[in-house]
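Colleague: Quick note, the sequence shown lines up with residues 643 to 892 if you use the numbering used here.
Have a look at this one before I ask anything.
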Amino acid sequence: VLDACYRRPGRNEISRGMFQPEKEGIKKKTRGQGKKYTIRELPGKGSFNQKIEEFFHHKESNIDKGQIIQSLTLALNERESYINTSLEKTGKQKEEYRNSNRLKELGDLIMSSIQHIKKEDKWLVVDDFYYNNRKIEIELNPTLSPQENAALYYEKYKKAKDNLFRIEKTEKRLKNNLQELKKQRELLNPATEIAVLHNLKKALLRKDRDKKQVKIPGLQFHSHGFLIIVGRSAVENDIILRNHVRGNDL
């Protein structure tokens with residue numbers, strides 16, 4: 643049995659070796675024999691067991707707090723990068739629509755010179771009474787009447803004005819979000835209670851979940867890779883145009 647179970651060359655217990663029983667009176671040395679341990683002093687009040695529980699609870703809380711702070715820092719960095727990119731984009735769009743009033747002025751100039759516009763004219767040369775009567779050229783659609791050309795510029799003006807209003811509203815919201823993010827970042831320090839950090843983490847997760855659940859109103863269809871959204875009322879059309887239509891969307 644010993645030959646089958648033991649392979650301890652250090653104790654001369656090897657295959658085909660002879661068994662040498664220990665002599666009587668020799669006790670086997672136990673692990674830790676002869677060592678002495680002192681009880682560590684722990685801070686706090688209460689019994690020793692209560693101090694131990696408080697000590698390891700505090701240590702575990704600090705570990706959890708560090709992990710939460712790290713994950714929140716990454717999440718806030720990602721949000722800040724997204725906000726700054728969006729602000730840069732809205733700034734460019736705002737600059738594009740800043741001169742929207744000029745479209746209305748061009749429509750007024752066309753209406754004031756209807757009698758000078760001939761059929762199939764592609765350009766209108768007119769004195770610009772908005773800028774010291776300097777000569778300018780206004781592009782026309784030769785397939786449209788003078789009134790329709792003016793209406794086309796008025797329509798572009800209205801659309802640009804609406805887009806500018808939407809962009810300024812979006813810009814204001816993004817700047818408010820950036821200020822809120824800076825306040826949240828101030829909480830990411832070891833002095834903050836762990837319950838506050840847990841609540842902040844839950845709030846960020848809730849925002850992400852709500853963002854994913856945003857529903858576009860109206861009916862939706864897919865055709866040749868395009869998403870077609872159909873509003874069923876004036877209210878739905880207004881929501882779609884203001885909140886879900888971007889850039890070159892038609």
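The beta-carbon is built from N, C-alpha and C at its ideal position, and this holds for glycine as well.
Could you tell me the distance, in whole angstroms, from the CA atom of Tyr-773 to the CA atom of Asn-719?
Modeller: Going from the Cα of Tyr-773 to the Cα of Asn-719 covers about 48 Å.
Colleague: Compute the distance between the beta-carbons of Leu-820 and Ile-725, then report whether it is under 9 Å.
Modeller: In this structure, Ile-725 lies closer than 9 Å to Leu-820 by Cβ.
Colleague: What would DSSP say about Phe-771, mapped onto helix, strand or coil?
Modeller: Note: Phe-771 maps to coil in three-state DSSP.
Colleague: Note the first and the last residue of the continuous alpha helix (DSSP H) segment covering Leu-794.
Modeller: Taken as a continuous stretch (DSSP letters only), the alpha helix (DSSP H) holding Leu-794 covers 788-828.
Colleague: Grab me the residues of Ser-881's own chain with a C-beta within less than 8 Å of its C-beta, minus the 5 sequence neighbours each way, in chain order.
Modeller: Per the sequence shown, residue 881 should be read as Ile rather than Ser. Once the five neighbours on either side are set aside, the close Cβ partners of Ile-881 are Pro-859 and Gly-873.
Colleague: Is it buried or exposed for Pro-788, if we count other Cβ within 10 angstroms and need 16 for buried?
Modeller: It counts as buried.
Colleague: Short check: CB of Leu-751 to CB of Ile-778, under 9 Å?
Modeller: Result yes, Cβ atoms of Leu-751 and Ile-778 sit closer than 9 Å.
Colleague: Residue range of the alpha helix (DSSP H) that Glu-779 falls in?
Modeller: Looking at the DSSP string, Glu-779 is not in any alpha helix (DSSP H); the run it does join, the beta strand (DSSP E), is 776-781.
Colleague: Under a three-way DSSP split, which group does Leu-684 fall into?
Modeller: Three-state result, Leu-684: coil.
Colleague: Please report how far the alpha carbon of Asn-691 lies from the alpha carbon of Ile-836, in whole angstroms.
Modeller: One C-alpha to the other measures close to 24 Å.
Colleague: With 16 other CB atoms within 10 Å as the buried threshold, where does Val-838 fall?
Modeller: Exposed, since its Cβ has fewer than 16 Cβ neighbours within 10 Å.
Colleague: Sort Lys-678, Arg-815 and Ser-713 by Cα distance to Leu-847 and report the nearest one.
Modeller: Of Lys-678, Arg-815 and Ser-713, the residue nearest in Cα terms is Ser-713.
Colleague: State buried or exposed for Ala-833, treating a residue as buried only when at least 16 other CB atoms are found within 10 Å of its CB.
Modeller: Exposed, because fewer than 16 other Cβ atoms sit within 10 Å of the Cβ of Ala-833.
Colleague: Using DSSP bridges, identify the partner residues of Gln-862.
Modeller: The partner list for Gln-862 (beta bridge, DSSP) reads Ile-871.
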